Amino acid sequence: MNKNKLSKKEINDNLDILYSRRDFMDSARIKFGDSLDKYLLTFSTGSLYLSILFIKSSFNKIIFSDWLLLGWIAFVMSIWSSLLAIFFSVYAHDEQIKMIDDDIFKVGKGEIPISRGNNLNFWVKLFQLLSMLGFFIGIIFLSLFYFLNIM
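Residues in the sequence shown are numbered from 9 upward in steps of one, following our numbering.
This is the structure:
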């Protein structure tokens with residue numbers, strides 16, 4: 009038997025695995041609304057909004073406003089990073105599904121599928137990390153601002 013060809017049983021076994029992976033990836037894409045990206049987006053936007061309301065109503069004279077500005081910049085960075093992470097994650101899932109479809113086609117022809125990486129995952133992880141970093145830095149800077157102004 010040719011080393012580059014699969015038997016009928018191997019073809020069926022591999023197709024079952026690939027179809028299962030594809031179904032999982034497709035359902036993960038649909039459930040992406042519950043991801044870390046949306047929670048960080050919500051928390052960062054809410055924190056930015058609440059800090060503006062708090063500043064308007066609580067302080068007559070604001071000192072140490074640099075901390076406030078840095079906190080706001082960090083929250084805006086978190087918001088943009090979250091949006092970019094969501095954007096790239098949709099494309100990463102689509103690309104992964106295309107790769108699995110290619111593997112299904114190869115296995116259907118009796119060929120051995122070749123595993124390869126999805127480069128879009130790098131961008132998703134980068135923007136998720138930047139979003140988390142911006143959120144935590146924003147919380148730290150706003151906390152410093154509030155603490156220094158209350159003292």
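Quick reminder that beta carbons are idealized off the backbone N, C-alpha and C, glycines included.
Predicted model only: the values in this text are computed from it and were never measured.
Go through its chain and collect everything with a Cβ distance to Ala-36's Cβ below 8 Å, but skip five positions before and after it.
Numbered from 1 along the sequence shown, position 28 holds the residue referred to as residue 36. Result list for Ala-36: His-101, in chain order.
On a Cα-Cα basis, can you pick out the residue from Lys-17, Leu-91 and Met-107 that is closest to Phe-51?
In the sequence shown, counting from the first residue as 1, residue 51 sits at position 43. Considering only alpha carbons, the answer is Leu-91.
Tell me whether the stretch 66-82 and the stretch 107-115 touch, counting them as touching only if at least three CB pairs, one residue from each stretch, are closer than 8 Å.
no
Report all residues from its chain with a CB closer than 7 Å to the CB of Gln-104; omit the five preceding and five following residues, and keep chain order.
Indexing the sequence shown from 1 puts residue 104 at position 96. Cβ neighbours of Gln-104 beyond the five flanking positions: Met-33 and Asn-126.
Using only CA atoms, which one of Leu-14, Lys-64 and Ser-73 lies nearest to Phe-153?
Residue 153 sits at position 145 when you count from the first residue of the sequence shown. Per the Cα distances, Ser-73.
Indicate the three-state DSSP secondary structure (helix, strand or coil) for Phe-130 in the structure shown.
Taking the first residue of the sequence shown as position 1, residue 130 is located at position 122. The answer is helix: DSSP assigns Phe-130 an H, G or I state.
Contact check, Ser-86 vs Ser-139 under 8 Å by CB: the rounded distance?
Reading the sequence shown from its first residue, position 78 is the one you call residue 86. Reading the sequence shown from its first residue, position 131 is the one you call residue 139. Confirmed, Cβ separation roughly 5 Å.
Sequence-distant residues of its chain with Cβ nearer than 6 Å to Ile-147 (five each side left out)
Here residue 147 corresponds to residue number 139 of the sequence shown, with the count starting at 1. Closer than 6 Å at the Cβ level, and outside the excluded window around Ile-147, lies no residue.
Outcome for Leu-61 when other beta-carbon atoms lying within 10 angstroms are tallied against a minimum of 16:
By one-based count along the sequence shown, residue 61 stands at place 53. Classification for Leu-61: exposed.
Considering Phe-72, what are the terminal residues of the alpha helix (DSSP H) in which it resides?
Within the sequence shown, numbered from 1, the residue matching residue 72 stands at position 64. That residue, Phe-72, is in no alpha helix (DSSP H); it is neither H nor E in DSSP.
Under a Cβ-count criterion, where at least 16 other Cβ atoms within 10 Å of its own Cβ denotes burial, should Phe-144 be classed as buried or exposed?
As a first step, residue 144 is located in the sequence shown; it is residue number 136 there, counting from the start. Exposed, by the Cβ-count rule.
Between Phe-149 and Gly-79, which are expected to be in contact by the criterion C-beta below 8 Å, what is the C-beta distance as a whole number of angstroms?
Residue numbering aside, residue 149 sits at position 141 when the sequence shown is read from its first letter. Residue numbering aside, residue 79 sits at position 71 when the sequence shown is read from its first letter. Between Gly-79 and Phe-149 the Cβ distance is about 3 Å, and since that is below 8 Å, they are a contact.
Going by DSSP in three states, Lys-13 sits in which element: helix, strand or coil?
As a working mapping, residue 13 is identified with position 5 in the sequence shown. Of the three classes helix, strand and coil, the one that applies to Lys-13 here is coil, per DSSP.
Determine the contact status of Ser-89 and Phe-130, defining contact as a CB-CB distance below 7 Å.
Within the sequence shown, residue 89 is the residue found at index 81, counting from 1. Within the sequence shown, residue 130 is the residue found at index 122, counting from 1. Using a Cβ distance threshold of 7 Å, Ser-89 and Phe-130 do not count as a contacting pair.
Backbone secondary structure at Ile-122 - three-state DSSP
Within the sequence shown, the letter at position 114 stands for residue 122. In this structure, Ile-122 counts as coil in the three-state DSSP scheme.
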